[in-house]
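Numbering (mature numbering (1 follows the signal peptide of the UniProt record, and there is no 0)), first residue to last: -20 to -1, 1 to 231.
What follows is a set of notes on a single structure, which appears directly below.
Dropping the structure here:
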């Protein structure tokens, strides 16, 4: 174990709730990009995945996986007896995706238990009771977003969560991490302007879908955030307050 892993393991062990289900060694998997490694300190993935109870052998979903930051870490966490579906929104209007496809090909070669699934975010399709764990990392707010420029369709959050609920096994956990917005205002307007969401909206949405709030953590509350700023503003980028919710489908 290298020095970074030792320091990280010590820091996590000191956290009041953390019993490590996930080894810090997942951060040292060969081939991870420099950008991914640079994001580790701010995202605390070992601490977060441990809080969500991720463990070897699970079937996991990285919903709206982006560039695969968490897909790769989930693949290492669930191990060869587990599996990960990395879902990304894709439309015919996306055009040339060769660069994105090449990056994913390298990731999938490093983590053969990860499978990429392309589809429409407003028509999620998964087999019933497929997953023990699902993750929405900095993505749930986009269920209230739409963009012609980025080919991102308008989505009905209630429908999306209904589909996610059906895809989870009884007792399955959904982990949600997202940028904090202050309460008030139309949720779609706030999301479009700031790419943030009021945590109370998220709780209500998931509970309406049938999930139970099983825990929440302040691990990613930085105290250095201005909730009135766009999350991509250089003044707060990478330093936003992020809520961490653990939802469970009743057994």
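All C-beta atoms, glycine included, are put in the ideal place defined by N, C-alpha and C.
Which same chain residues, not among the five before or five after residue i, have their C-beta less than 6 Å away from its C-beta?
i, result
"residue 9", "56"
"residue 108", "146"
"residue -10", "Its pLDDT being 41, under 50, residue -10 is placed unreliably by the model, and nothing is read from it."
"residue 234", "For residue 234 there is no data in the structure shown, the boundaries of the chain being -20 and 231."
"residue 49", "16"
"residue 43", "67, 114 and 116"
"residue 213", "none"
"residue 187", "none"
"residue 167", "124 and 181"
"residue 87", "48 and 52"
Anyone know if the C-beta pair for residue i and residue j falls short of 7 Å?
i, j, result
"residue 305", "residue 102", "The structure shown does not extend to residue 305, since the chain spans only -20 to 231, so no value can be given for it."
"residue 91", "residue 52", "yes"
"residue 220", "residue 205", "yes"
"residue 153", "residue 67", "no"
"residue 60", "residue 26", "no"
"residue 140", "residue 96", "no"
"residue 185", "residue 228", "no"
"residue 178", "residue 199", "no"
"residue 35", "residue 1", "yes"
"residue 121", "residue 192", "no"
"residue 11", "residue 37", "no"
"residue 161", "residue 176", "yes"
Measuring alpha carbon to alpha carbon, tell me which of the options ends up nearest residue i.
i, options, result
"residue 117", "152, 206 and 41", "41"
"residue 155", "18, 28, 174 and 190", "28"
"residue 203", "31, 222 and 152", "222"
"residue 128", "70, 209, 21 and 89", "70"
"residue 65", "112, 161 and 79", "112"
"residue 226", "158, 175 and 168", "158"
"residue 149", "44, 83 and 114", "114"
"residue 169", "123, 47, 106 and 23", "123"
"residue 151", "106, 39 and 6", "39"
"residue 22", "130, 201 and 174", "201"
"residue 130", "94, 83 and 76", "76"
"residue 98", "81, 173 and 174", "81"
"residue 84", "13, 110, 100 and 58", "13"
Checking the sheet assignment: what are the DSSP bridge partners for residue i?
i, result
"residue 177", "160"
"residue 154", "114 and 227"
"residue 98", "68"
"residue 91", "DSSP, once it has assigned bridges, lists no residue as partnering residue 91."
"residue 11", "Paired residues: none, contrary to the question."
"residue 132", "127"
"residue 3", "Looking at the DSSP assignment, residue 3 forms no beta bridge with any residue, so it has no partner."
"residue 222", "159"
"residue 63", "39"
Keeping to the same chain, check which residues put their C-beta closer than 8 Å to that of residue i; ignore five residues upstream and five downstream.
i, result
"residue -14", "Annotation note: pLDDT 36 at residue -14 (below 50); position unreliable, coordinate value reported separately. Closer than 8 Å at Cβ, skipping near neighbours: no residue."
"residue 180", "163"
"residue -5", "Bear in mind that a pLDDT of 40 at residue -5, under 50, signals an unreliable position, so the number given afterwards is only what the model happens to contain. No residues qualify anywhere along the chain."
"residue 183", "193 and 225"
"residue 215", "206 and 209"
Quick one: what's got a C-beta closer than 7 Å to residue i's C-beta in the same chain, skipping five residues either side?
i, result
"residue 217", "211"
"residue 126", "132, 133 and 134"
"residue 45", "51, 66, 67 and 68"
"residue 20", "7"
Shorter than 6 Å, the distance from the beta carbon of residue i to the closest heavy atom of the ligand COA, or not?
i, result
"residue 229", "Absence of the ligand COA is noted for the structure shown, with no ligands found whatsoever."
Worksheet item: Which parts of the region 33 to 59 are runs of the beta strand (DSSP E), unbroken and 3 residues or longer, counting only runs that do not cross its ends?
Response: 39 to 43
Worksheet item: Could you give the uninterrupted runs of the alpha helix (DSSP H) lying entirely in the region 179 to 208, keeping only those of 4 residues or more?
Response: 179 to 188
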